[in-house]
Amino acid sequence: MEGNGLTSFGKAIITVTDSNDNAPQFVTPSYTVSIPENKVDALVVKMPVTDGDEPHSSAWATTYKIVDGDPQGLFNVCTGPSKLEGIITTVKVC
Numbered sequence: 017m018e019g020n021g022l023t024s025f026g027k028a029i030i031t032v033t034d035s036n037d038n039a040p041q042f043v044t045p046s047y048t049v050s051i052p053e054n055k056v057d058a059l060v061v062k063m064p065v066t067d068g069d070e071p072h073s074s075a076w077a078t079t080y081k082i083v084d085g086d087p088q089g090l091f092n093v094c095t096g097p098s099k100l101e102g103i104i105t106t107v108k109v110c
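Numbering (the numbering used here), first residue to last: 17 to 110.
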């Protein structure tokens, strides 16, 4: 049997909140991604930002967290090594 199989679509809304005088800005305003089914630790998206604060200061580094919409804990978000990048990965399989 040939075919494309089943697909699902989802939408994530990412909100940036600022804790000092210069809010981080996403380099790209939106992303379209595709992730493999049933794969743990799959890269979903890397989201680089720019920040007008003093480079390498505590105000300059960004932090990311999932605050809602992932009740099963299927995703993880962390700060990349550059301190100006959010990285979303899959955590577990349904």
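Just so you know, even glycine gets a beta-carbon here, dropped at the ideal spot from N, CA and C.
Just so you know, these numbers come straight off a predicted model, no measurement behind them.
Review point. Apart from the five residues just before and just after K81, which ones in its own chain have a Cβ nearer than 7 Å to its Cβ?
Key: Answer for K81: V93, listed in chain order.
Straight-line gap, V60 to T48 (C-alpha atoms, nearest Å)
If I take the Cα positions, the gap works out to 10 Å.
Check your understanding: What is the residue span of the beta strand (DSSP E) that E70 lies within?
Key -> It is not in any beta strand (DSSP E) - E70 carries neither H nor E in the DSSP assignment.
- Query: In the structure shown, what three-state DSSP assignment does T23 receive?
  - Reply: Here T23 sits in coil by DSSP.
Practice item. Would you decide whether T78 is buried or exposed? Buried here means 16 or more other CB atoms lie within 10 Å of its CB. Key: Buried, because 16 or more other Cβ atoms sit within 10 Å of the Cβ of T78.
Exercise. Looking only at C-alpha atoms, which of D86, T105, T44, W76 sits nearest to S98?
Worked result: It is W76.
*Would you tell me roughly how many angstroms separate the C-alpha atoms of V43 and L22, rounded to the nearest one?*
The alpha-carbon of V43 is positioned some 32 Å away from that of L22.
Discussion item. Within 10 Å of its beta-carbon, does P87 have 16 or more other beta-carbons around it, so buried, or fewer, so exposed?
Written reply: In summary, P87 is exposed, with fewer than 16 beta-carbon neighbours lying within 10 Å of its beta-carbon over all protein chains present.
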